[in-house]
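One structure below.
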Amino acid sequence: MATTEDNLFKNVISHAKEYGFIFPSSEIYDGLSAVYDYGQNGAELKNNLKEYWWKFMTLLHDNIVGIDAAIFMHPTTWKASGHVDAFNDPMIDNKDSKKRYRADQLIEGVIEKLEEKIEKEVEKAAKRFDNFDRTMFVSTNARVVEYQKKIDEINERLKTAMANNNMAAMKQLVDDLEIVDPISGTKNWTDVRQFNLMFSTEMGSVADDANKIYLRPETAQGIFVNFLNVQKTGRMKIPFGIAQIGKAFRNEIVARQFIFRMREFEQMEMQFFVKPGEEMKWYEYWKEKRLKWHQALGLGHDNYRYHDHLNLAHYANAACDIQFNFPMGFRELEGIHSRTDFDLKSHEKYSGKKLQYFDSEDNQNYIPYVVETSVGLDRMFLSVLASSYKEEKLEDGSERVVLKIPAPLAPNKVAILPLMKKDGLPEKATEIMNLLKFDFRCFYEEKDAIGKRYRRQDAIGTPYCITVDHQTLQDNTVTIRNRDTMKQERVAIQDVKTIIAESVSMAELLKKI
Ligand code: GAP
Numbered sequence: 116m117a118t119t120e121d122n123l124f125k126n127v128i129s130h131a132k133e134y135g136f137i138f139p140s141s142e143i144y145d146g147l148s149a150v151y152d153y154g155q156n157g158a159e160l161k162n163n164l165k166e167y168w169w170k171f172m173t174l175l176h177d178n179i180v181g182i183d184a185a186i187f188m189h190p191t192t193w194k195a196s197g198h199v200d201a202f203n204d205p206m207i208d209n210k211d212s213k214k215r216y217r218a219d220q221l222i223e224g225v226i227e228k229l230e231e232k233i234e235k236e237v238e239k240a241a242k243r244f245d246n247f248d249r250t251m252f253v254s255t256n257a258r259v260v261e262y263q264k265k266i267d268e269i270n271e272r273l274k275t276a277m278a279n280n281n282m283a284a285m286k287q288l289v290d291d292l293e294i295v296d297p298i299s300g301t302k303n304w305t306d307v308r309q310f311n312l313m314f315s316t317e318m319g320s321v322a323d324d325a326n327k328i329y330l331r332p333e334t335a336q337g338i339f340v341n342f343l344n345v346q347k348t349g350r351m352k353i354p355f356g357i358a359q360i361g362k363a364f365r366n367e368i369v370a371r372q373f374i375f376r377m378r379e380f381e382q383m384e385m386q387f388f389v390k391p392g393e394e395m396k397w398y399e400y401w402k403e404k405r406l407k408w409h410q411a412l413g414l415g416h417d418n419y420r421y422h423d424h425l426n427l428a429h430y431a432n433a434a435c436d437i438q439f440n441f442p443m444g445f446r447e448l449e450g451i452h453s454r455t456d457f458d459l460k461s462h463e464k465y466s467g468k469k470l471q472y473f474d475s476e477d478n479q480n481y482i483p484y485v486v487e488t489s490v491g492l493d494r495m496f497l498s499v500l501a502s503s504y505k506e507e508k509l510e511d512g513s514e515r516v517v518l519k520i521p522a523p524l525a526p527n528k529v530a531i532l533p534l535m536k537k538d539g540l541p542e543k544a545t546e547i548m549n550l551l552k553f554d555f556r557c558f559y560e561e562k563d564a565i566g567k568r569y570r571r572q573d574a575i576g577t578p579y580c581i582t583v584d585h586q587t588l589q590d591n592t593v594t595i596r597n598r599d600t601m602k603q604e605r606v607a608i609q610d611v612k613t614i615i616a617e618s619v620s621m622a623e624l625l626k627k628i
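Quick note, in the working numbering, the sequence shown goes up one by one and the last residue is 628.
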C-alpha cells in the first residue's frame, strides 16, 4: 500500500468518493467541470468546519456578529466593488494543444522553478559546511545571486504588466521566458487577453442589459452593503466585525486540483471595521489570530506558512495568505487583506447614500477602514481531509486506511456496534444509542464481522467505536475503541458519555486557540 507523494492525492480523491465525502457533480451525466457535491459524510464534516469558524468569530469575539446576505445583489454593487472592471485573469491559449492557461500562473511557474533551484543549492551547501549560514550563502553564492536577480526581474515585469493592465507586456514576458506548453511542448501561444471571472444571468423576463445580474464572486460585498444596517440595529461600536458564510462563484480559467479551485465554492469571510490609521495594527492582529485558529486543529504547525502578496488586489494596501501544505505543495488556504476604505467609499459614491460611522469618542464622522479575513470552506475541507488521510501498516502485517480527522470535526463521533445480530445485543445497543444520540452524532451498524466494521469506521474517521457483547448484558459494560491508537478498554455504560465528551467537544477545541 506504500504510496508515493504523487499518488497520495489520487488516493485521497478516490477515498473521498468511496466513503461518501465528495462526489463529482451530476456524475450520471459525466460530471460538470470543477463542480462537486458533498455526500453524507462530507456534508457533516463541512458543517462542523462551519461551526468551528462561526463559533470562533461570533462566540469568542463579543464585537463580531454574523449575517446571511443574498447571493444576488444589485448589479451596481459589482461596478462599485471594481469587479466589473478589474476582476479579470490574463488568459492565454496554446494553439497546438488547444489548452487554456492563466498567463500569470505560467510566469509564476518559472519563478517557482528558480526558487527550487535556489533551495537545491542551499541544501547542497548546508550538507557540506558545519556552521552553515543561509543568509550569507544566498547573498554571496554567484549562482544563487544570479537566480535571485532573475526572479526579481520577472516579478517586477509581471507586477508592472498586471498593474497597467498591459497584456502585450505579459505576452512578451511569456515569449522572453520561452515558456512551453506542458502538453504540446510548443511555444505557439495566442495573445494574452483579460477574462472576467464573474458569472452573469438575467433577472426577470426581459433579457436586456438592464436586467443583467451576477452570481457573487465573493461574499464580502453582502457585508459592505449592510454595514450601516448592522452597525445601527446592533448598536455596534468600532472596532467591530461582521462575519458571513456563503456560496461564491467564479468562472475560473483553469479549475483543477479537485476541490482546491472550483467554479462554485463557499467562503467564510469576516470584515473588521476599524478607525482609519489603525488598520495595520488590526491586520497584524488578524494574521496572528487566524494562524492560531488553523493550528489549533493539530494538523501540524509546519504545514502552515504566511505568504505576503507582491501584487496587491485593487482594493488592498496590504495582503497576505496563510498557505497550507496541500498534497500538491504549499498553496493559499486563507487570505488576510487590509482593504482600506475602498469598498465603503465606492458604495457611497455609486449609491449616493452616506456609509459613515459617527465616532462619539472623537466626535467625528468617518468611513471606516476594513481588515478582512477570508477562508475557503472547501479548501479548509481539503486541508483537513488530505492531512488526516493515513495509510498504515499494522503490527500484525495487515493494513488500514484511517482518517485521523480532529475529533470535534469528525462526521460521526461514535459508532455503536452489537457484536452479533442476536441474543438481545442489537436491542441493548439501540438502548445505548438512544442514550447518546442527543449529545453526539452516532452511527449504528450490525452487519459484517466486527473487524470489518472497525475498518469502515476508521475510513470515515469515527473517533470511537462502542462494542456491545454478551458481557454487556451481564454487567452493563461495553468496550470502547479509540480510532487512532486502536486500543480497546472495557468501561461502564454510564461512563461512556464522559469519556467521549471532552475529546469530541467543539468548546474544548475552541479553548485551544
Ligand atoms: N473577499 C476576498 C476574496 O475573495 P480571495 O483571495 O479571492 O479573496 C479568498 O479568496 C479565499 O477563497 C481563498 O483564500 C480561497 O480559500 C477561497 N477561494 C478563492 N477562489 C476559490 C475557488 N475558485 N475555489 C475554491 N476556493 C476558492
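Beta carbons: idealized from backbone N, C-alpha and C, even for Gly.
Item, Value
"N- and C-terminal bounds of the alpha helix (DSSP H) containing Leu292", "Premise fails: Leu292 is in no alpha helix (DSSP H) and is neither H nor E."
"Alpha-carbon spacing of Lys239 relative to Arg249, whole angstroms", "11 Å"
"Where Ile437 falls: helix, strand or coil (DSSP)", "strand"
"Between the CA atoms of Gln382 and Asn178 - distance to the nearest angstrom", "21 Å"
"Cβ pair Gly450, His176 closer than 8 Å", "no"
"Three-way DSSP call (helix, strand, coil) for Pro521 in this model", "coil"
"Any alpha helix (DSSP H) of 4 or more consecutive residues that is wholly inside the region 125-185", "155-173"
"Among Leu588, Gln479, Asp584, Ser254, the one whose alpha carbon lies nearest that of Ile233", "Ser254"
"Spatial distance of Lys567 from Glu561 (CA atoms)", "11 Å"
"Interface flag, Val529 vs chain D, CB-CB below 8 Å", "Chain labels in this structure do not include chain D; a single protein chain is all it has."
"Contact test: Met377 Cβ vs ligand 1 heavy atom, cutoff 7 Å", "yes"
"According to DSSP, residues forming a beta bridge with Asp219", "According to DSSP, Asp219 bridges with nothing at all."
"As assigned by DSSP and simplified to three states, the class of Glu317", "strand"
"Cβ pair Tyr472, Ile353 closer than 8 Å", "yes"
"beta-carbon Val490 near ligand 1 non-hydrogen atom, thresh 7 Å", "yes"
"heavy atom of ligand 1 below 7 Å from Ala201 C-beta", "no"
"C-beta atoms of Thr577 and Val611 nearer than 8 Å", "no"
"Ile374 vs Asp493 beta-carbon contact at 8 Å", "yes"
"Through-space distance from Thr600 to Leu500, alpha-carbon basis", "19 Å"
"Beta-carbon proximity list for Ile615, same chain, < 7 Å, skipping 5 on both sides", "Lys528, Val529, Phe555, Tyr579"
"Integer Cβ distance of Ala283 from Arg272, believed to fall under 8 Å", "So it is not a contact: roughly 12 Å between Cβ atoms."
"Closest by C-alpha distance to Ile298, when choosing among Arg308, Thr334, Gly337, Asn209", "Asn209"
"Own chain residues within Cβ distance below 7 Å of Cys435, not counting five before or after", "Lys402, Tyr421, His422, Asp423, His424, Ile451"
"Check whether Leu524 and Asn163 have beta carbons under 8 Å apart", "yes"
"Own chain, CB closer than 7 Å to Thr192, minus 5 neighbours either side, in chain order", "Gln336, Val340"
"Gln372 CB to nearest heavy atom of ligand 1 below 7 Å", "no"
"Candidates Pro521, Phe342, Glu142, Ile266, of which the one nearest Ser620 by Cα", "Pro521"
"One or two residues paired with Ala607 in a DSSP bridge", "Thr592"
"Delimiting residues of the beta strand (DSSP E) encompassing Tyr398", "Run containing Tyr398: none in the beta strand (DSSP E); it sits in the alpha helix (DSSP H), 394-410."
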